[in-house]
Every structure is written in structure tokens, then in C-alpha cells.
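Participant: Those protein sequences? They're chains A and B, same order as listed. Per the numbering used here, residue 1 is the first one in the first sequence, and the count goes up by one each step. Per the numbering used here, residue 1 is the first one in the second sequence, and the count goes up by one each step.
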Amino acid sequence: MKLHTSLSTWCFLKAILLGSMVAVVCADEPTTIKLALHPQAIEDHGPLRPILPEAPDLKPGNAAVVLLRMPWGETAFMTNEYRNLFDNPPLALDDPRLTDFPFDRFAAQMRRAAFMKDADWDYPIDDEPLDGILLPDASGLRVFVGTGMSVWVTQQIAKGDLNGAREGVLVQLACARHLGQTRFIVIQMIAAVIADQAFDGLERVIGAPGSPNLHRAIALLPDSLGRSIEALQWEAVIEERSMPMLRTGIPEAGDDAAWTRVLDGWLDRWMSYEGAPTPEKSAALRARIATAGREAFATVAPADLDLETASDDEIAMRFLLVTFRQIHQTAESAWRLEGPEAIAALVELDTRVNRLQPTIGEGLLSYLANPLKWYLPIHSFGRRARMLEVVEALRDALARSGGRFPASLAAVPAHVPLDPFTRQPFLYVPSEDGRSARLATPPIPGVADPRYVRVYELTLPNE
Amino acid sequence: MIGPIRSHCRHGLAASCVAVAVLLLAISCEAMADDPVEIALALHPARIDPFAASPRLLPADPDLKPGNAAVVLNGLMAERQGYWNSWDTIYDDARLPVGDPRIAATDVAGIIPDMIRAGLIRDADWNHPVREDGANVYLGDMQMVRGLLERPLTIWIKQKLAEHDLAAATEGIRTQLACARHMGNAPFFITAMQAHAVGTVAIDNLEYLLAQSGCPNLRWSFSVLPPLLFDGPSMLEWHTRLLELSLPRLKMGIPNDSDDQAWQQIASDYFDLIEDSKHPLTPEQRAALVSRCASLAREKLVQRGLVSADAAMAISPEAAVMRAILDHHADIGRQMRLAWALPHSEAIGQLAKLDGLAGAWDFDIDSWPLANGFLKDFLFFKGFSRRTAMLETVESLRHHAATHDGQLPATLADLEYAARRDPVAGLSFTYVRGESPSTASLSMPDIPGVPDNSQQRRTYKIEMVSP
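1) Alpha helix (DSSP H) containing V130 of chain B: first to last residue?
2) Would you identify the three-state DSSP class for R423 of chain A, choosing helix, strand or coil?
3) Starting from the beta carbon of A60 of chain B, find every residue of chain E whose beta carbon is closer than 7 Å, and list them in chain order.
4) Kindly list, in the order they appear in chain B, the residues whose Cβ is closer than 9 Å to that of V300 of chain A.
5) Any C-beta of chain B sitting closer than 8 Å to the C-beta of A437 of chain A?
6) Grouping DSSP H, G and I as helix and E and B as strand, with all else coil, what is N68 of chain B?
7) Would a check of beta-carbon distances place V205 of chain A closer than 8 Å to chain B?
8) Examine chain B for any beta-carbon lying closer than 8 Å to the beta-carbon of R386 of chain A, and answer yes or no.
9) Do P66 of chain B and L146 of chain B come within 8 Å of each other at the CB atom, strictly closer than that value?
10) Taking Cβ to Cβ, would you say A208 of chain A is nearer than 8 Å to L170 of chain A?
11) Measure the C-alpha to C-alpha separation of R454 of chain A and P30 of chain A and round it to an integer number of angstroms.
12) Under 8 Å between C-beta atoms, does C26 of chain A make it to chain B?
13) Leaving out five residues before and five after A311 of chain B in sequence, what residues of the same chain have Cβ atoms less than 8 Å from its Cβ?
14) Between the segment 198-229 of chain A and chain B, which residues of the former have CB atoms less than 7 Å from a CB of the latter, in chain order?
15) Can you list, in chain order, the residues of its chain whose CB lies under 7 Å from that of R304 of chain B, leaving out five sequence neighbours each side?
16) Three Cβ pairs or more, each shorter than 8 Å: is that satisfied between the segment 227-237 of chain A and the segment 328-339 of chain A?
17) Give, in chain order, every unbroken run of the alpha helix (DSSP H) that is at least 4 residues long and sits entirely within the segment 270-307 of chain A.
18) Got a sec: which bits of the segment 37-57 of chain A sit with their beta carbon under 7 Å from any beta carbon on chain B, in order along the chain?
19) Let me check one thing: in DSSP terms, what residues is E457 of chain A bridge-paired to?
20) Indicate whether T106 of chain B and I48 of chain B have their beta-carbon atoms separated by less than 8 Å.
21) Could you check whether the Cβ of L338 of chain B sits closer than 8 Å to any Cβ belonging to chain A?
22) Do you know how far the Cα of Y452 of chain A is from the Cα of V193 of chain A?
23) Can a CB atom of chain A be found closer than 8 Å to the CB of W220 of chain B?
24) So, helix, strand or coil for C26 of chain A, using DSSP?
25) Contact criterion: CB-CB distance below 8 Å. Does E239 of chain A meet it with respect to chain B?
26) Cβ closer than 7 Å: which chain A residues qualify as neighbours of A267 of chain B?
27) With a CB to CB cut of under 7 Å and the five nearest residues on each side skipped, what residues in its chain are close to A113 of chain A?
28) Quick one: what's K106 of chain B bridged to in DSSP?
29) Between the Cα of P227 of chain B and those of B:L218, B:M464 and B:R387, spot the shortest distance and give me the residue it belongs to.
30) Could you tell me the boundaries of the alpha helix (DSSP H) in which M78 of chain A lies?
31) Between the beta-carbon of S211 of chain A and the beta-carbon of Q40 of chain A, is there less than 8 Å?
32) What residues match up with A42 of chain B in a beta bridge as DSSP calls it?
33) If contacts are defined as beta-carbon pairs under 8 Å, then A262 of chain B and V290 of chain B qualify, I think. What distance do you get, rounded to the angstrom?
34) Have a look at L242 of chain B and D331 of chain B and give me their C-alpha separation to the nearest angstrom.
35) For F271 of chain B, which residues in the same chain have their Cβ closer than 6 Å to its Cβ, ignoring the five residues on either side in sequence?
36) Would you decide whether W270 of chain A is buried or exposed? Buried here means 16 or more other CB atoms lie within 10 Å of its CB.
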């Protein structure tokens with residue numbers, strides 16, 4: 001029962017996160033942001049004003065300890081104030097209840113954590129079952145580092161302390177990077193959500209009067225935070241490190257009882273998501289998988305598999321294991337590619353996985369059944385960074401060319417990056433009088449989801 | 001009259017860190033000078049087996065254990081006097097081809113288990129006092145570890161290949177790459193070069209491995225290798241701060257222009273850092289050199305808008321010269337980091353421009369450590385991903401041969417498993433099938449925008465051996 005309970009927690013967390021991504025990273029419709037740009041040239045020299053701490057600025061220490069102890073001794077805050085950070089619907093960041101929100105002491109602790117070199121979360125990853133590890137700490141930190149610091153950044157902007165606001169964004173990104181040191185893909189998603197909130201704050205900093213141009217600092221941001229490749233590698237072993245019968249060795253070909261035992265365990269575990277499986281439902285599912293397996297193996301089969309004599313359960317379980325491995329291997333090699341090639345490979349994988357869903361059911365294949373779902377939010381970090389780099393290049397152009405938006409991105413003097421997901425220019429359309437412009441992400445081939453469309457409606461401050 | 005101090009700088013590097021100069025020499029001889037390289041590869045067809053787990057060439061994170069690999073690697077030579085005594089022989093033997101009887105006769109097995117153990121440890125903290133000592137950190141440990149990973153381990157790998165123990169040979173190569181990754185955790189540009197050099201030797205050994213009959217198809221194994229064996233942005237952040245970390249007075253912040261004593265100290269420390277320790281300048285010679293550069297330095301500061309013309313005349317020669325050097329260094333460092341963050345094609349253009357900018361530095365005192373060779377260094381590091389992409393394509397060819405009676409395809413477009421593009425050039429590898437369908441050549445394309453003398457061309461002359 002422990003296995004099932006903890007599994008539910010894990011998956012519940014995943015579901016929350018996926019829901020969060022829908023709400024925060026990419027709403028159901030294209031995200032449109034109105035931004036008034038104050039012309040500001042890029043400084044040729046002077047400090048970079050980093051928005052992610054640089055390696056030589058980091059000090060020894062374990063940031064996880066600092067971050068996790070924040071709520072202790074804060075009973076009054078946790079009782080009276082904390083809920084304001086995640087009211088439903090969330091309070092607007094300029095809501096009067098947040099204007100004086102008492103968050104300075106937490107911001108100071110998070111700043112300290114941000115400038116620490118290491119973040120060792122000490123999850124018991126070497127214990128088993130792996131999927132029994134609970135992750136409520138990361139979810140709680142999302143409220144502090146994500147929403148709480150966003151409130152604090154807004155407070156600094158309201159006070160006119162733009163340097164403080166920029167540093168608040170830095171703290172959010174640094175702490176997101178700390179969370180990204182964990183080896184769980186779900187926590188990579190939490191890091192992505194926090195980073196997304198940080199970018200929202202950065203947009204507000206950029207839109208504030210007198211904000212220095214952050215073009216170069218944004219250009220130095222990476223394409224993603226954290227260790228998503230390592231997390232993928234852990235996802236690939238979750239099955240075997242959670243189910244003792246897989247870890248102790250795959251059964252021999254023809255050992256019908258052993259294969260049935262493995263398949264039983266696997267089906268019990270996965271079917272429990274949708275409630276206790278009935279014998280009829282379980283039997284129907286295992287029959288469908290066996291049929292799919294026989295069809296697949298009819299073309300090419302493992303050398304030691306005798307299709308004539310193998311039991312349905314052996315066929316079904318071996319089909320599942322082969323499918324898992326192929327998904328994991330394809331995902332990991334795709335992750336190494338550049339954006340357009342990675343997405344193309346993952347779209348193709350998605351199509352193949354989706355074809356199996358009528359047989360096996362959505363979500364039943366693996367924790368990593370549709371890697372595209374993880375790739376896009378995690379790597380949206382780089383996409384948002386590059387898009388904001390374009391915005392800053394436009395602010396520079398405004399400062400250099402009489403306060404009117406340039407006719408095209410080719411006319412922008414500063415470096416204008418391409419969209420990393422498509423290797424295409426961002427879509428830029430200025431108004432005829434040059435007083436406003438629209439900047440949008442180009443469509444991603446194979447991804448029709450409108451949640452991955454972001455539009456900036458740019459104006460001049462006095463328009 | 002004192003000559004420019006530029007010529008001293010290359011040797012000055014040796015003054016601050018002996019290992020650096022040795023390493024640079026070794027790298028320039030072994031890894032950078034060979035262009036073009038032509039390798040004859042006699043390959044055996046090998047099908048990609050969708051049911052077999054492909055071996056990893058770098059350990060996956062779940063396979064790693066807690067610990068500090070640096071401790072294990074630094075301890076390799078303790079109580080091993082035999083190795084110290086036969087070091088020269090080991091160095092020479094590692095270059096011998098697989099099957100040479102001298103390789104079999106060299107006993108290196110004693111240190112291999114600890115190397116394998118280090119490769120399977122998750123962390124490597126080298127504890128170099130970079131914050132305290134900057135460029136004066138002694139890196140003899142890294143040079144020794146590099147030597148051990150390149151030479152005795154290569155000998156062991158070649159022994160295993162000769163014994164046709166391909167699993168052990170693969171483990172040896174995996175250890176080389178894993179330990180190179182550990183070396184890449186050190187914060188220096190030079191240790192990144194060392195990590196890369198070890199990785200390059202591992203790739204050389206992989207070429208030997210692929211040529212063995214019975215070698216499984218490693219296409220996926222190549223596809224999941226990282227593009228670099230170190231964290232590029234982090235390394236550059238350290239590298240561009242190395243100068244300020246090496247000048248103790250700067251740790252208290254940039255002094256006021258009027259603080260002559262502080263600037264004299266900074267100038268003195270800077271000369272100590274970059275001079276040839278065998279032929280140091282006398283204080284009088286240093287003063288004369290600074291004095292000669294001061295007017296140009298003041299001009300530069302005014303041009304850059306850092307001081308007014310009047311203020312420039314008021315600052316001491318040491319302050320003017322050192323401020324100009326530090327500004328130039330900061331500017332180059334910033335542009336270098338920004339260039340590395342760009343896509344390859346744009347990075348190459350920016351780094352070529354940066355080389356031009358650095359070349360135009362007309363001081364008689366060099367700007368250390370960011371002096372020149374930015375594009376060449378970049379291409380040197382990027383050679384790792386080019387080579388692994390090329391070998392991934394070789395594996396697609398081996399699969400094709402296995403499914404087409406040993407014949408190679410007419411073009412790369414005919415491959416069932418797509419060929420990789422050269423990740424730096426952004427172009428396909430150049431493939432020409434020979435007169436016989438079992439022979440072909442596969443070459444790196446020229447990288448657009450890169451001068452001919454900086455291209456690092458590599459060609460495989462492939463012959464597919466009949467089963």
C-alpha cells in the first residue's frame with residue numbers, strides 16, 4: 001500500500017504541475033503581453049548587471065538547507081499571510097493586500113541561498129522504491145521563490161528600486177537553478193514554472209521607466225536551467241528501481257510464471273491511478289497489450305523470443321519494456337539536439353506513442369510517455385530569454401533612432417537572436433507610424449498547441 | 001631600451017603555472033596541429049538492435065555513486081613507485097597501435113580499478129584555491145591526472161582490444177570520458193583544455209573499438225554524449241575573472257584614480273604575473289615600460305569615455321596603464337562570453353572579429369590572459385562534438401552495411417538511420433562512395449567563415465570488411 005500511496009502523491013504532484021504549466025507558462029490561449037518600452041541604449045561598457053549569479057560569485061554552502069528552513073518560526077506569517085500567495089484566483093501583483101506584503105526577511109534568505117554554490121536536496125534516490133519519494137518541499141518552495149519573490153519584485157519596482165527588482169529576478173532564477181539540481185523531471189518543471197514567474201517580473205522591470213538595458217545579461221542566459229538530462233536518465237530507471245521484480249532481473253524467455261508476476265505487478269501499479277482495477281478490466285488490458293506486442297514482434301522480434309510458444313503475458317510485458325526503452329532512448333538523444341531537431345524528433349515520438357494509447361491507455365505507458373510535454377516547458381526558458389533579448393534590442397534601437405520602432409528586425413543595430421525552437425526570426429510587425437509594434441513567437445512545426453504562442457504588443461510609453 | 005613585454009607573456013604563463021605551459025605545448029603538438037587528419041577505418045557491419053540496450057560511453061547519473069572523484073584520482077600514484085620509474089616508457093607505449101607486443105608487456109593494471117571507481121563517482125571537487133591565488137594555482141595535479149588518463153588507461157584499453165575483450169575496452173573508454181568530465185569540473189580554461197584533451201584521446205580509442213569485429217553498433221551511444229566535457233559558461237565566467245583574482249589589491253575593489261600607491265601595487269603584481277620568471281624586468285625597466293605606455297593608455301581611456309581628457313592627465317602612469325589593461329580585458333572577456341552564447345555560425349563570426357580586436361591591441365604590454373586565439377580555442381573545444389557526430393554517422397553506415405550485404409549507401413540520404421550534420425559547420429559531412437560499394441570516404445566539411453589554417457579537417461577512409 002505504501003507504494004501505491006506514495007505513487008499517488010508523486011503523480012498528484014505531476015498533475016498539479018502540468019496544470020500549473022497550463023496556467024502559468026502557457027495559458028489556454030496565446031499569451032499576449034502589453035509592454036510600454038522606454039528607449040534605452042545598450043551600454044558599451046560598464047557592468048553586465050547579471051540576472052543569474054556567475055560562478056565566481058558563488059560561495060560554498062548548501063542552498064537547499066537555507067531554502068527549506070524558511071518557514072520555521074514563522075507561524076504568524078504562515079497562518080495569516082502565506083495563503084495570500086496562492087489565493088484562487090491569485091491576487092494581482094499590484095493588489096493592495098500585496099503592496100505591503102511582509103516578505104523582506106524571506107527575500108533576504110533566498111538571496112543568501114541564491115549565491116550559494118551547491119544545492120544538495122538529499123532525496124533518498126539510492127533507496128527503493130524510487131517512486132516512493134515524496135516531493136512536497138519543492139512544491140512549497142514554488143510558492144516562496146515563485147509567487148512570493150514575484151510580489152517582492154513588484155514591490156521594488158513600485159518603490160523605484162529597479163536594481164533591487166532585477167536582483168529579485170536573479171534570486172528567483174538562481175533558486176530555480178538550485179531546484180533544477182534535483183534528478184526529478186517534475187522538479188525540473190517546478191524550476192521552469194519559477195523561472196517563468198521570474199521572466200514575468202523581468203518584463204515588468206524592462207517596462208519600468210529608467211530601466212537599464214539588460215540585453216547583454218539576457219543574452220548570457222542559458223537555454224534551460226537545471227539538469228533535465230540527468231532527470232531524464234532517472235525517469236528511465238524509475239520502473240526498474242521501483243518494482244523489485246524488474247531490478248532483480250528480467251525473467252528468462254519462456255518462464256511464464258515469472259512474466260505473469262511481473263505483468264501483474266506492473267498492471268496493479270499503473271491501473272491504481274484510475275481506481276482499483278477490476279479483474280475484467282485488467283484481463284482486457286493485458287490481452288490488448290499482448291495483441292499489440294504480437295503484431296509488433298511479428299516484424300522483428302528479440303532473438304530469444306519464440307512467438308509460437310511464448311505466453312501472452314510474456315509477450316505483453318516484453319513489448320512494454322521494449323517500448324519504454326525506445327521512448328527513453330529516443331527522448332535522451334533528442335534532448336541533446338538543437339531545438340528544431342529535438343522538437344521534430346519528439347513530435348515523431350509523440351505520434352508513435354499516441355498510436356499506442358488506444359491499446360494501453362493514456363498515461364499507462366511510462367512516466368515519460370510523452371517527452372515533448374516535458375521538453376517544451378523546460379526549454380521555454382531559452383525561448384523567453386531570446387524573445388526578451390529582442391525586446392531589449394528594440395529598446396536600444398528606439399534610443400538610437402529617434403524613438404520610433406524600426407521597420408524590421410534587420411534594421412536593429414544590436415544582436416537579434418532567432419527563436420531557438422524554430423531557428424526562425426521572431427515575428428515582428430511595426431505599425432506604419434513606428435509608434436507601436438507586435439513581436440510574436442513563430443509557429444513550431446508539429447506543435448499546434450496555442451499555449452506555446454507568446455505575443456508582445458509593444459508601445460512607446462506616452463502612446 | 002626595453003623591448004615590448006608581449007614576447008614575455010607566453011613564458012609568463014609558465015611563471016605563474018608551470019603545468020600550463022607544458023600542457024599548452026602538448027596540446028598544440030598533439031591536438032591542434034594535425035590538419036587534415038586522415039584515418040583508415042576497416043569496419044565490420046553491425047546492425048542497430050532495437051532490443052538490446054546500447055552501452056553508454058559516459059555513465060548515466062543513476063549509475064553514479066556519492067563521493068569526490070578528485071580524491072580518488074589524486075591518490076592514484078600514491079605508493080606506486082613502479083609507475084614513476086617507468087613513466088617515460090608508459091608515455092611512449094600508449095602511442096603504439098593495438099596488437100603491438102610492447103603494449104601487452106606493459107603492466108598498468110594496478111591503477112585501473114581506482115580509475116574505474118573514480119569514473120563512477122558523481123562529484124569531483126578539486127579544491128583549487130582559485131579565489132585565493134588566481135592564476136598562481138599550481139596545477140601539477142591536473143597534469144598528472146591527465147597523463148594517467150591518457151596513457152596507462154589507453155594502454156589498458158588497447159590491451160583489452162588486443163584480447164578482444166570489447167566490454168572491458170568500452171569500460172576503459174567510458175572511464176576516460178567520465179574522468180575527463182571530472183577534470184572539466186575544475187574552474188580553469190586550462191583544465192577545460194586538459195579535459196578536452198583526455199576526451200579526444202577517448203575518441204581516438206573509440207575509433208579503434210569500432211574497427212573490431214563484433215563491436216556492437218554504438219549509434220545511440222554517440223548520440224547521447226554531451227557537446228562538451230565541461231560547463232562552458234561557468235568556465236568562461238571564471239576565465240574572464242582570473243586576472244582580477246590574480247591581483248590581490250583588486251580584491252578590495254578598484255582603487256581611486258588618485259590612489260597612486262594602490263595602482264603601483266597592481267602594476268607590480270601584474271608584471272609579476274606575466275613576466276618570464278627567468279628574465280624578470282628590473283624595477284627601473286618596468287617603470288620605463290609603464291612610462292612609455294602611459295600616454296597611449298590615457299588616450300584609450302579618454303576614447304572609451306572612462307575619464308575626461310583633463311582627468312586623464314592627472315592620473316599616474318601606473319593607474320593609466322593598468323586601467324587601460326583592465327578595461328580592455330573586461331571588454332574582451334564580455335565579448336568572448338557573449339560570442340560563446342551564440343549559435344555556432346554567429347559565434348564564429350564574432351570570435352573572428354574579437355581576434356581582430358585583440359590583434360589591434362597596440363600596447364607594448366600584453367593583456368593577459370585574454371590575448372588572442374579566441375576562434376581557434378573555440379574550434380578546438382567544439383572538435384569533440386564534431387567528432388562524435390561523425391562517428392554517429394559512421395554507425396549509421398555500419399547499420400546500412402549490415403542490412404545491405406556489406407554494401408555502403410550511394411549517398412547519406414539513403415541511410416535508414418539519418419546521418420548527423422556537422423554541428424559546428426551546420427552542413428552535412430562530405431560522403432563519397434568509392435568504386436567498390438564497400439569503400440567510401442567521410443569528411444568534415446569546411447566551416448564557413450573559418451580561415452583555412454584554422455580548419456580542423458578529418459577524413460575517414462572507410463572500408464567495410466566482409467563478415
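In this text, a Cβ means the ideal position worked out from N, Cα and C, and glycines have one as well. Note that this is a predicted model, so its numbers are computed, not measured.
Facilitator: Put simply:
1) Run containing V130 of chain B: V130 to D133, per the alpha helix (DSSP H) assignment.
2) DSSP places R423 of chain A in coil when its eight states are reduced to three.
3) In the displayed structure, chain E is absent; the protein chains listed are A and B.
4) What V300 of chain A touches in chain B: P50 and F51.
5) no
6) strand
7) no
8) no
9) It is Arg, not Leu, that sits at residue 146 of chain B in the sequence shown. Cβ distance not < 8 Å, so R146 of chain B and P66 of chain B don't count as in contact.
10) Not in contact: A208 of chain A and L170 of chain A (Cβ atoms no closer than 8 Å).
11) 6 Å
12) Caution is warranted here: a pLDDT of 46 is assigned to C26 of chain A, below 50, making its placement in the model unreliable, and the coordinate value is therefore given only provisionally. Output row for C26 of chain A: interface = no.
13) D257
14) R216, A219, L220 and P222
15) Taken in chain order, the residues that qualify are D327.
16) yes
17) If you keep only unbroken alpha helix (DSSP H) runs of at least 4 residues inside the segment 270-307 of chain A, you get 279-299.
18) Taking 7 Å as the upper bound on Cβ-Cβ separation, chain B lies near residues H45, L48, E54, A55 and P56 of the segment 37-57 of chain A.
19) A:K34 and A:R438
20) no
21) yes
22) 14 Å
23) yes
24) Note on C26 of chain A: pLDDT 46, under 50, position unreliable in the model; no value is reported.
25) Closer than 8 Å: no.
26) By Cβ distance, chain A contributes nothing, its closest Cβ being about 21 Å from A267 of chain B, past 7 Å.
27) So the qualifying residues of the chain are A63, V66, L67, C175 and H178.
28) It is worth fixing the name first, because residue 106 of chain B is Thr in this sequence and not Lys. DSSP lists no partner for T106 of chain B.
29) B:R387
30) First-last of the alpha helix (DSSP H) with M78 of chain A: T75 to N80.
31) yes
32) B:E463
33) That pair is no contact at about 15 Å.
34) The alpha-carbon atoms of L242 of chain B and D331 of chain B are separated by roughly 14 Å.
35) R286
36) buried
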